[in-house]
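Quick note on numbering: numbering that gives the first Met the number 0 labels position 12 of the sequence shown as 11, and the sequence is numbered without any gaps. Cβ coordinates follow ideal geometry from the N, Cα and C atoms, glycine included. On a predicted model such as this, the values are computed, not experimentally measured, just so you know.
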Amino acid sequence: MNKPKLVILAAGMGSRYGGLKQIDPIDEYGHIIIDFSIYDAKEAGFEDVIFIIKKEIEEDFKQRIGYRIEKQMNVTYVYQELCQLPAGFELPEGRSKPWGTGHALLCCKEVIDGPFAVINADDFYGKSAFLQIYQYLTSHEDDELYRYAMVGYLLENTVTENGSVARGVCSVDENGYLTDILEKTHIERQGKEIVSIDEAANREILPADSAVSMNLWGFGKSIINELEKGFQNFLKEALNTNPLKAEYFIPIPVDILIKHQKASVKVLPSHDKWYGVTYQEDKEMVVKAVSELKKQGKYPQRLW
0 MNKPKLVILA AGMGSRYGGL KQIDPIDEYG HIIIDFSIYD AKEAGFEDVI FIIKKEIEED
60 FKQRIGYRIE KQMNVTYVYQ ELCQLPAGFE LPEGRSKPWG TGHALLCCKE VIDGPFAVIN
120 ADDFYGKSAF LQIYQYLTSH EDDELYRYAM VGYLLENTVT ENGSVARGVC SVDENGYLTD
180 ILEKTHIERQ GKEIVSIDEA ANREILPADS AVSMNLWGFG KSIINELEKG FQNFLKEALN
240 TNPLKAEYFI PIPVDILIKH QKASVKVLPS HDKWYGVTYQ EDKEMVVKAV SELKKQGKYP
300 QRLW
């Protein structure tokens, strides 16, 4: 088995926060959230990092992040662009929105040669998450089923006071396996409640202890072919129904594989609190959290 790689979804970095250049350091040493994720991943055993970015932010990304990490890990860059579509499909006129996280992973097809973990660039996951996913990936291989995993968080630990977030809301069986996942793109706090609002403005109250995906997945190489087949089916419908906004999220093919009994997904529970810079107003919370974690001795003052 090849050693697991870490894939970081960074092509959409800065879209809601206000641009890559505005992602300020979260401590006095210039670290940003990616630094802490990669530090934790390296401690867990990961040695290779694949950054998925847009070509237009390449130089800025390398200056702010990439060149620093290249001194610590083996780094590969992959580019997610709108025009990267299967043969027979054309980019809809007026489309500017990325095709989503599932499409982003497809862009890694040429550099994935074994198991890998996936994370968002702007989410803080905590040390235990990387330890759990690395241990799983190094001790499980596909057999009669694809043997995948995800780290599940409590919904109440993953929302911000400053706007809405997207989360995959999960159902988990008594053995800790994922049975259903539904991507909800607009979840927010309203008073003491956490609600999901769909495109038709329908409002659904979600239990605070719901298990949710923060896009920390563990996959075998097998997921790439499944993503490829699923993306073509997605496009056939999306280009007719919602050509400018439809997105192909990772949970879409995962849910299909579970329903067709082709894959099992072990949910590795985390009770850590989420920290992220989805919005500029989130920064103060993240700065305080990182400072406290350093005081507790969980991180050195200088990571690198």
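Next on the checklist: Let's test the definition: count the other Cβ atoms within 10 Å of the Cβ of C82 and tell me whether it reaches 16, buried, or not, exposed.
Outcome noted: exposed
Checklist entry - In terms of DSSP beta bridges, what is M72 paired with? => result BP columns for M72 are empty, so no partner.
Checklist entry - Taking the alpha carbon of P3 as the point to measure from, which residue in G217, I33 and V194 has its own alpha carbon closest? => result G217
Checklist entry - For the putative contact between D121 and V276, defined by C-beta atoms under 8 Å, what is the C-beta separation to the nearest angstrom? => result 5 Å
Next on the checklist: For V95 and I249, what's the separation of their Cα atoms in angstroms?
Outcome noted: The sequence shown places Ser at residue 95, not Val. So the alpha carbons of these two residues sit roughly 20 Å apart.
Checklist entry - Can you give the Cα-Cα distance for E283 and I25, rounded to whole angstroms? => result 8 Å
Item to check | Y304, enclosing beta strand (DSSP E) - first and last residue | outcome: Outside the displayed span of the chain (0 to 303) sits residue 304, for which this structure offers no information.
Checklist entry - Is S195 closer than 7 Å to E203 when the C-beta atoms are compared? => result yes
Item to check | With 16 other Cβ atoms within 10 Å as the buried cut-off, status of Q21 | outcome: Interpretation of Q21 is limited by its pLDDT of 49, a score under 50 that renders its predicted location unreliable; no figure is taken from the coordinates.
Next on the checklist: Which same chain residues end up closer than 8 Å to K287 when comparing Cβ atoms and leaving out the 5 residues on each side of it in sequence?
Outcome noted: none
Checklist entry - Along the chain, where does the alpha helix (DSSP H) that runs through D47 open and close? => result D47 -> not in any alpha helix (DSSP H); beta strand (DSSP E) instead, spanning D47 to I52.
Checklist entry - In whole angstroms, what is the alpha-carbon distance linking I31 and K244? => result 30 Å
Checklist entry - Across which residues does DSSP place Q231 in a beta bridge pair? => result For Q231, which the question treats as bridged, DSSP gives no partner whatsoever.
Checklist entry - For L154, which of Q231, M0, A165 and I223 has the nearest alpha-carbon? => result A165
Next on the checklist: Using 8 Å as the cut-off, can you tell me whether the stretch 94 to 108 makes contact with the stretch 124 to 131, which would need three or more C-beta pairs spanning the two stretches below that distance?
Outcome noted: no
Checklist entry - The alpha helix (DSSP H) with Q134 in it runs from where to where? => result K126 to L136
Next on the checklist: Pull the bridge partners of P268 from the DSSP assignment, please.
Outcome noted: G151
Next on the checklist: Taking DSSP's pairing of strands, which residues face Q189 in a bridge?
Outcome noted: E192
Item to check | Proximity of I68 and I111 at Cβ, strictly below 7 Å | outcome: no
Checklist entry - So does the stretch 295 to 302 actually touch the stretch 131 to 146, counting three or more Cβ pairs closer than 8 Å? => result no
Checklist entry - Between the beta-carbon of V150 and the beta-carbon of S269, is there less than 7 Å? => result yes
Next on the checklist: Quick check: the Cα distance between A9 and I33, rounded to an integer number of angstroms?
Outcome noted: 10 Å
Next on the checklist: Taking only three categories from DSSP, how would you classify K294?
Outcome noted: helix
Checklist entry - DSSP state of F248, grouped into three classes? => result coil
Checklist entry - Relative to the alpha-carbon of N174, which residue among V266, E80, G296 and K272 has its alpha-carbon at the smallest distance? => result V266
Checklist entry - DSSP beta-bridge partners for L5? => result V48 and A116
Checklist entry - Near E281, what residues of its chain come up, given a Cβ to Cβ distance below 7 Å and the 5 sequence neighbours on each side ignored? => result For clarity, residue 281 is Asp in the given sequence; the question names Glu instead. Correct list, in chain order: T159, N161 and G275.
Checklist entry - When the distance is taken between beta carbons, is A207 closer than 7 Å to C321? => result Residue 321 falls outside the range modelled here, since the chain spans only 0 to 303, and no answer is possible.
Checklist entry - Which residues share a DSSP beta bridge with R202? => result I196
Checklist entry - Can you list, in chain order, the residues of its chain whose CB lies under 6 Å from that of L5, leaving out five sequence neighbours each side? => result A40, F45, V48 and A116
Item to check | Assigned secondary structure, D208 (DSSP; H/G/I helix, E/B strand, else coil) | outcome: coil
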